[in-house]
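**Student:** Chains as they are written, first to last, in my numbering: chain A, 1 to 434; chain B, 435 to 682.
Glycine included, C-beta positions come from ideal geometry on N, C-alpha and C.
Please read all numbers here as calculations on a predicted model, not as lab measurements.
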Amino acid sequence: MSETIVESTEETAFLDLHKKFVEENKSSSALSAIHESALSRFEMLGFPHSKHEMYTYVNTKKLAATTFAVSNPSAKIDLIEKHIYSGCENSCLVFVNGVLDRSLSKLKDIESSVKISSLEEKSDTDTLLESVENENDVFACLTNAFCSDVTVVEVPDKGQVAVPIQALFVSTGNTSLPEMHSPRLLWKVGKLAEVKVIEKFVGMQEGYFTNMVEDWRVAEGAGVVLTQVQSDPFGAWNFHKTRVHIKRNARFHSANASSGSVLVHNHFEVRLEEEGAEVILNGVSVLKGKEQVHNFIRIHHEAPQCISHQHFKNVINDEGRSSFDGTVIVNQGAQLTSANQLINNLMLSDDCHADNKPNLMIFADDVKCAHGATIGQIDEDQLFYLQTRGLSKKFAKELLTRSFAESIVQTIQFSEVVKELSNTLLKKLEVENV
Amino acid sequence: MLEIKDLHAGVDGTEIVKGISLSVNKGEVHAIMGPNGSGKSTLAKILSGHPAYEATSGEIIFDGKNLLEMDAEERSLAGVFMGFQYPVEVPGVNNAEFLRMAHNARRVKAGEEEVDPLDFDELLSEKMKMLGMEKKYKERNLNDGFSGGEKKKNEILQMAILEPKLSLLDETDSGLDIDALRIVSEGVNKLRSENNALILITHYQRLLDYIKPDFVHVLSQGKIVKSGDKALAIELESQGYDWVTTAD
Ligand SMILES: Nc1ncnc2c1ncn2[C@@H]1O[C@H](COP(=O)(O)OP(=O)(O)OP(=O)(O)O)[C@@H](O)[C@H]1O
Ligand SMILES: [Mg+2]
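1) If you drop the 5 nearest sequence neighbours on each side, which residues of the same chain put their C-beta closer than 7 Å to that of F518/B?
2) Across the segment 289–303 of chain A and the segment 411–419 of chain A, are there enough close Cβ pairs to call them in contact, namely three or more that are closer than 8 Å?
3) Can you give me, in chain order, the residues of the segment 396–428 of chain A that have a beta carbon less than 7 Å from any beta carbon in chain B?
4) By the three-class DSSP mapping on this structure, what secondary structure does H484/B have?
5) Please decide whether D381/A counts as near chain B, where near means a Cβ-Cβ distance under 8 Å.
6) Check the Cβ of G471/B against every Cβ in chain A and list those closer than 7 Å, keeping chain order.
7) Tell me the rounded alpha-carbon separation between C88/A and E120/A.
8) Is the Cβ-Cβ distance between D137/A and K241/A less than 8 Å?
9) Between which two residues does the beta strand (DSSP E) carrying N359/A extend?
10) Given 7 Å as the limit, tell me if E605/B has its C-beta closer than that to any heavy atom belonging to ligand 4.
11) By how many angstroms is the C-alpha of N538/B removed from the C-alpha of D555/B?
12) Which residues in the same chain as R41/A place their Cβ atom closer than 6 Å to its Cβ, once the five residues preceding and following it in sequence are excluded?
13) When you compare only the Cα positions, how much space is there between V202/A and D232/A?
14) Pull every residue with its beta-carbon under 5 Å away from any heavy atom of ligand 1, and keep them in chain order.
15) Please look up how many angstroms separate the CB atoms of S258/A and F234/A, rounded, as I've assumed it's under 8 Å.
16) How many angstroms separate the CA atom of F268/A from the CA atom of L185/A?
17) Do you know how far the Cα of F384/A is from the Cα of G483/B?
18) Looking at the strands, I want to know which residues DSSP matches up with Y208/A.
19) Pick helix, strand or coil for Q673/B, following the three-state DSSP scheme.
20) Please report whether the beta-carbon of Q592/B lies at a distance below 8 Å from any beta-carbon of chain A.
21) Let me know if V542/B comes out buried or exposed under the rule of 16 or more other beta-carbons within 10 Å of its beta-carbon.
22) How would you label N470/B, buried or exposed, when you count the other beta carbons within 10 angstroms and need 16 or more for buried?
23) Can you look up I198/A in the DSSP assignment and give me helix, strand or coil?
24) Using a Cβ-Cβ cut-off of 8 Å, state whether G390/A counts as contacting chain B.
25) With a threshold of 8 Å, are at least 3 pairs of Cβ atoms found where one atom belongs to the segment 202–216 of chain A and the other to the segment 101–112 of chain A?
26) Determine the direct distance from the alpha carbon of L552/B to that of L596/B, and round the result to whole angstroms.
27) Within 10 angstroms of the Cβ of I612/B, are there 16 or more other Cβ atoms? Answer buried if so, exposed if not.
28) Taking 8 Å as the cut-off, decide whether the C-beta atoms of L226/A and K200/A are in contact.
29) State the Cα-Cα distance for the pair E220/A and A250/A, rounded to the nearest angstrom.
30) Tell whether a beta-carbon distance below 8 Å holds between S322/A and L287/A.
31) Taking contact to mean 3 or more Cβ pairs, one atom from each stretch, closer than 8 Å, check whether the segment 498–516 of chain B and the segment 386–401 of chain A are in contact.
32) In whole angstroms, give me the CA-to-CA distance for H49/A and V330/A.
33) Report yes if the CB atom of S619/B is closer than 8 Å to the CB atom of Y644/B, and no otherwise.
34) Note down, in chain order, all residues in the segment 510–525 of chain B with a beta-carbon under 9 Å from any beta-carbon belonging to chain A.
35) Give the DSSP bridge partners of H35/A, in chain order.
36) Would you list, in sequence order, the uninterrupted beta strand (DSSP E) runs of no fewer than 3 residues that lie entirely inside the segment 470–527 of chain B?
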């Protein structure tokens, strides 16, 4: 046996695709360096086999074996207005097939407070390269190898962005030859700056793979509120890696609402790098049919007195499938850490499935950590209680499942998003067999 | 109004109620007393239609209808109300909204129009005031984190909103402090009329000083072993249950 890495046909197909991609796209030298580094990372990691740590509960075989075309960023799209939240009409970044479309983006309200660019500064390239070289998620490596642009959004020190920024990711989709889209973003939030961001994923038809990576650098004392709304059609894959580095006394609060598809994978890697940093990750999914949502989370407490909260809830019906694989790592020296992690699954059918692996790895001694996971059905006593007040069994069940999911939806700070989710995500609970 | 005839009932094949007959007419107040584990709450659960409890023989007729054939929600809509000994907590369901939904379910059943949130809020405020409940209980989730006494008050609030024909209050007095007991009892008395009836399950004579029963029954080992008037409750309080349960 030789020592050289022998790729399986799946990896070879992506390497060939990459050659084509490089030929067709004239990239800057900075971007080329990123592509190169990412590609060698990809070759080293390879697609997940059955015992892959990051994809234990996620079957990616079919995805890896799919023949993709690289996206066509100049595709014509229409009717994006309905996907722009009220309040974000003049603060929205529109990505078509993974690439920022300047003509569709409306930035009037944030022009003066936010700087939006491609990779221009050397320091940004360095940040990106560091991120790329340390990437352990093979799909994120693909994003880094296939992104035809990096969008850098910068909020300067003490910048207060008055309106929420919406980043809309629209895919045109292609049912005969699925496309792979690789949006790549870098958010830089300066000292004591405040920003709120809503990311939304939609598709005009099935047949695409949105494979996104975003880096967040949150400087001292800054505050970020991030909301992610995944609402792709069923036949679209959505892989999304959010990597966050948080400095002293800064806050990063996020909520993810996933409506599921053939395969949705949310990966959060958070580093609490300096004292007093705080992260909140909330998530909710409502799954029907064969929809899947998988969450993979690693939170690193690297400094004392940092706080991390995670609360994820899934409502799973039919043959839906979800998993939660989350580990909080409390480094030596990260004293007075406060960390908790809670996963609640509500199972509505016999054929649905949920895997949970909450985990704490603690190398400091003075810490306050808690974690737990529940898998349950509708509480019969609650159901009976509501019925004794005259509510029908069907209505009472709906009320209970809805309220289960609603508690996470209500943590979302944008009423427009909450309103929308009530009519989309939570509406999915109004079915005859719930 | 309510006719229970030789009712046998239990759970998982164990008989707990062992032949109870009881007749309740409009306007009456009945008190059921008896030692722990004698089957009082089981009788209440059977009456309210709990799916885990099964009547093995006997009949329950309410307003001419066979209650045992009705679902819990049908019984409620027909006018039966159960104030639970241990009300269930329902996190995530807002108390005021829940009360409005329950109120409207009853109205729809009666062929009336649903009440909108604003009008309902007025009704709710009035009833809460009657029971000495602070406004904050509107915003709270249904019984979620309520203290024992708060849960009992909330049960009576539901009774006030639903205006049932027959109410069964299972140890509503336990958990209430002296002032709350007085206020809640006065509230219950206000809800009484010659068209509705009340069954109180209690261990204490104290409650019966506020809400005067027409009949007092002693339940022991799944049977009514003695019935009488209010004087029976006074006797029980001073002498304990032994003299009735062993005399049987
Ligand atoms: N779900 C159940 N499973 C098993 N046993 C039960 C169940 N419910 C009631 N029992 C039993 O039936 C008997 C009667 O219980 P019940 O709750 O009706 O008593 P009670 O008269 O209300 O008592 P208390 O005064 O303490 O409230 C008890 O022995 C109890 O343990
Ligand atoms: Mg009892």
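**Tutor:** Quick look at the numbers:
1) Contacts found: E589, D604.
2) No contact exists between the segment 289–303 of chain A and the segment 411–419 of chain A.
3) Flagged, chain order: L399, S403, F404, E406, S407.
4) Reduced to three states, the DSSP call for H484/B is coil.
5) Answer yes: the Cβ-Cβ gap between D381/A and chain B drops below 8 Å somewhere.
6) Neighbourhood of G471/B in chain A, by CB distance below 7 Å: empty, with the nearest CB roughly 20 Å away.
7) Distance between the alpha carbons of C88/A and E120/A is about 26 Å.
8) Using a Cβ distance threshold of 8 Å, D137/A and K241/A count as a contacting pair.
9) Element bounds for N359/A: 353–362.
10) You won't find ligand 4 in this model; what it holds is ligand 1 and ligand 2.
11) Spanning the alpha carbons of D555/B and N538/B requires a straight line of approximately 13 Å.
12) Hits under 6 Å: E135, C141.
13) Cα-Cα distance, rounded: 5 Å.
14) Near ligand 1, residues with a Cβ at less than 5 Å from any of the ligand's heavy atoms are V445/B, I450/B, N470/B, G471/B, S472/B, G473/B, K474/B, S475/B, T476/B; the list follows chain order.
15) Actually they do not touch by this definition, with Cβ atoms about 13 Å apart.
16) Here the alpha carbons of L185/A and F268/A stand approximately 14 Å from one another.
17) F384/A has its alpha-carbon roughly 9 Å from the corresponding atom of G483/B.
18) For Y208/A, which the question treats as bridged, DSSP gives the partners E179/A, A236/A.
19) In the structure shown, Q673/B sits in a helix (DSSP, three-state: H, G or I).
20) Contact with chain A is found for Q592/B, since one of that chain's Cβ atoms lies less than 8 Å from the residue's Cβ.
21) When all chains shown are included, V542/B counts as exposed.
22) Exposed.
23) Of the three classes helix, strand and coil, the one that applies to I198/A here is strand, per DSSP.
24) Interface criterion met: the Cβ of G390/A is under 8 Å from a Cβ in chain B.
25) Because the criterion of three Cβ pairs below 8 Å is not met, the segment 202–216 of chain A and the segment 101–112 of chain A do not touch.
26) Roughly 18 Å separates the two Cα atoms.
27) That one is exposed.
28) For the 8 Å CB-CB criterion, L226/A and K200/A do not form a contact.
29) Taking the straight line from one Cα to the other gives about 5 Å.
30) Yes.
31) With a cut-off of 8 Å, the segment 386–401 of chain A and the segment 498–516 of chain B count as touching, because enough Cβ pairs lie within range.
32) A straight line joining the alpha-carbon of H49/A with that of V330/A spans about 28 Å.
33) In contact: S619/B and Y644/B (Cβ atoms closer than 8 Å).
34) Result list: S510, L511, V514, F515, M516, F518, P521, V522, E523, V524, P525.
35) Answer is none; H35/A lacks a bridge partner.
36) Taking only runs of at least 3 residues, the beta strand (DSSP E) segments lying wholly in the segment 470–527 of chain B are 487–496, 514–517.
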